[in-house]
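Take a look at the structure set out below.
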Amino acid sequence: MSSFDVVIIGSGPGGYVAAIRCAQLGFKTAIIEKYSTLGGTCLNVGCIPSKALLSSSHHYAEIAHFEENGIEISGEVKVNLEKMIARKQAIVDQTSGGINFLMDKNKVKVFNGIGSFQDATHILVTKNDGTTETLEAKNTIIATGSKPSNLPFIKLDKERIITSTEALKLKEIPKHLVIIGGGVIGIELGQVYLRLGAEVSVVEFMDRIIPGMDGALSKELTKVLKKQGMKFYTSHKVKSVERNDNTVAVQAENSKGETITLEGDYALIAVGRRPFTDGLQAEKAGVKLTERGQIEVNDHLQTNIANIYAIGDVVRGAMLAHKAEEEGKMVAEIIAGQKPHIDYNLIPGVVYTWPEVAAVGQTEEQLKANKIEFKSGSFPFKALGRARASSDLDGFVKILADAKTDEVLGIHIIGARAADLIAEAVTAMEFRASAEDISRMSHAHPTFAEAIKEAALAATDNRALHI
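In our numbering, the protein residues as written are 6 to 472.
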């Protein structure tokens with residue numbers, strides 16, 4: 006029986022980063038992954054492949070604007086979905102190989118198979134060939150991630166009624182893709198196939214898309230996507246999803262009790278994700294789960310069993326790869342006796358549509374609900390020279406600051422490169438910057454980042470310069 010200081014179950018962003026940090030701290034470390042490739046959902050069927058398809062489809066969509074940029078193309082421009090999917094897979098394979106390299110470099114022992122607890126210090130690895138091996142672990146980190154959720158009355162056939170996993174490897178461009186769920190996953194994949202020529206309809210139970218983000222971002226993204234051709238049915242509750250040969254009928258009811266039926270050739274179920282603990286047998290180690298199926302942890306991500314920790318999608322909080330990474334590093338350092346911390350308010354959220362959407366801190370709705378007095382400043386991208394030069398005119402930056410102290414409480418961006426720009430916002434808020442602090446920092450011209458400075462000026466006595 007092999008013994009380790011730390012055994013990590015799951016090799017997603019949280020798991021593999023935890024393994025690297027544990028190894029850096031001198032721990033004898035092992036990682037267990039049930040699939041043949043490392044990287045978890047994010048790398049294999051989530052963040053990386055979806056961004057690859059978003060990038061490819063964005064290139065195709067941009068061709069429509071080449072002529073206005075003085076670029077003429079002779080001949081027909083066509084989509085080769087098979088090549089696009091193959092490129093996506095090549096990127097996944099390369100990135101997964103990179104994680105294998107990092108495990109070797111850091112001397113992390115990799116076990117392929119299903120990891121299940123025998124007790125609080127022993128983990129059984131059941132390999133794909135049916136053989137088993139028992140590992141002894143002084144400490145264990147559960148990083149088993151999440152799986153797509155479903156509605157109880159919907160029967161997934163993974164052919165026409167699909168999840169995001171299948172949507173990443175379709176063999177044809179849908180004629181009409183009906184998406185159930187207007188969150189990040191549904192909207193991103195919807196834009197991929199919209200660009201490629203599909204009709205896309207989104208059915209959302211809440212009264213707006215991306216409902217967890219600031220209402221102004223939701224309103225602007227809806228406006229832009231409608232302009233691109235996406236259709237929305239918000240405040241609609243799905244009643245049934247039925248397949249008939251090569252068509253799928255989605256029936257939904259609005260708040261007035263009126264029923265609509267959308268008929269497409271594919272229905273994408275994107276109603277969120279659920280913690281994945283199948284096969285873990287946490288009960289054998291005495292680990293408690295919440296009513297929602299999450300692993301119960303304290304502020305140090307420690308379960309009720311002192312030597313067992315849990316991180317990422319399988320615990321409370323936003324299901325984000327970078328949140329899992331931060332938690333993986335934190336647990337490794339806690340095991341080493343250090344005192345790290347995470348400010349969950351400063352974990353940014355991003356939607357990788359175009360324009361991109363990114364936010365950190367509190368929304369206007371949250372501040373109002375908590376009766377916090379605030380001031381707001383916004384600046385539109387269309388007023389930026391850089392945005393005009395690249396024809397990326399949609400969107401704005403919105404800064405919310407404390408009415409009395411001027412401390413920045415939230416920054417919300419929709420526009421070109423918002424996913425990268427949000428890092429400036431996180432940095433500023435980590436150091437508790439005021440809106441005036443940001444307004445006095447020099448920003449290179451011409452850049453998209455100037456919108457952050459101008460929004461800060463707008464939040465500081467309405468002093469924006471270029472509008």
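C-beta atoms are modelled at their ideal positions from N, C-alpha and C, and glycine is treated no differently.
- In the three-state scheme derived from DSSP, where H, G and I count as helix and E and B as strand, histidine 127 is classed as strand.
- Within the DSSP secondary-structure output, glycine 120 pairs in a beta bridge with Val130.
- For glycine 19, the uninterrupted alpha helix (DSSP H) run begins and ends at 18–29, by DSSP.
- Burial of isoleucine 184 is indicated by the presence of at least 16 other C-beta atoms within 10 angstroms of its C-beta.
- Sequence-distant Cβ neighbours of serine 223 in its own chain, meaning closer than 8 Å and more than five residues away, are Arg213, Ile214, Ile215, Pro216.
- In the DSSP assignment, lysine 334 falls within the alpha helix (DSSP H) that extends over 326–340.
- When secondary structure is reduced to three states using DSSP, phenylalanine 384 falls in the strand class.
- If you compare the alpha carbons of Gly44, Val365, Thr358, Trp359 with that of tyrosine 349, the shortest gap goes to Val365.
- Spatial neighbours of alanine 433 in its own chain (CB-CB distance under 8 Å, excluding positions within 5 residues in sequence) are listed in chain order as Val413, Ile416, Asp442, Ile443.
- In the DSSP secondary-structure assignment, glutamate 247 is bridged to Ala254.
- Assignment of beta-bridge partners to histidine 450 by DSSP yields no partner.
- Contact between asparagine 144 and aspartate 304 is absent: CB atoms are separated by about 17 Å, not below the 8 Å threshold.
- Between threonine 139 and glycine 118, the beta carbon gap of about 11 Å keeps them out of contact (Cβ cut-off 8 Å).
- Within the same chain, Cβ atoms closer than 8 Å to the Cβ of alanine 28 are found at Thr34, Asn111, Lys112, Val113, the five residues on either side in sequence being excluded.
- According to the DSSP assignment, phenylalanine 106 belongs to the alpha helix (DSSP H) that extends over 86–110.
- When beta bridges are read from the DSSP output, leucine 414 appears opposite no residue.
- Residue environment: phenylalanine 384 is assigned as buried (16 or more neighbouring CB atoms within 10 Å of its CB, all protein chains considered).
- For aspartate 407, the uninterrupted beta strand (DSSP E) segment begins and ends at 401–407.
- Only residues of its own chain outside the window of five on either side were considered, and among them Ser396 have a CB closer than 8 Å to the CB of histidine 70, listed in chain order.
- The closest CA to that of valine 253, considering only Ser439, Lys88, Leu267, Leu59, is found on Leu267.
- Relative to the Cα of leucine 405, the nearest Cα in the group Ala374, Pro18, Thr465, Ile14 belongs to Thr465.
- In the structure shown, asparagine 144 falls within a strand segment according to DSSP collapsed to helix, strand and coil.
- The region 365–380 and the region 335–343 do not touch, with fewer than 3 CB-CB distances between them shorter than 8 Å.
- Out of Ala290, His471, Asp411, Ala23, the CA that lies nearest to the CA of alanine 125 is found in Ala290.
- Burial of alanine 456 is indicated by the presence of at least 16 other C-beta atoms within 10 angstroms of its C-beta.
- Judged by DSSP secondary structure, valine 197 falls outside any beta strand (DSSP E) and instead within the alpha helix (DSSP H) spanning 189–200.
- Spanning the alpha carbons of leucine 199 and histidine 63 requires a straight line of approximately 10 Å.
- The beta carbon of methionine 218 lies closer than 8 Å to those of Gly354, Val356, Val362, Ala364, Thr368, His417 in the same chain, with the five residues before and after it left out.
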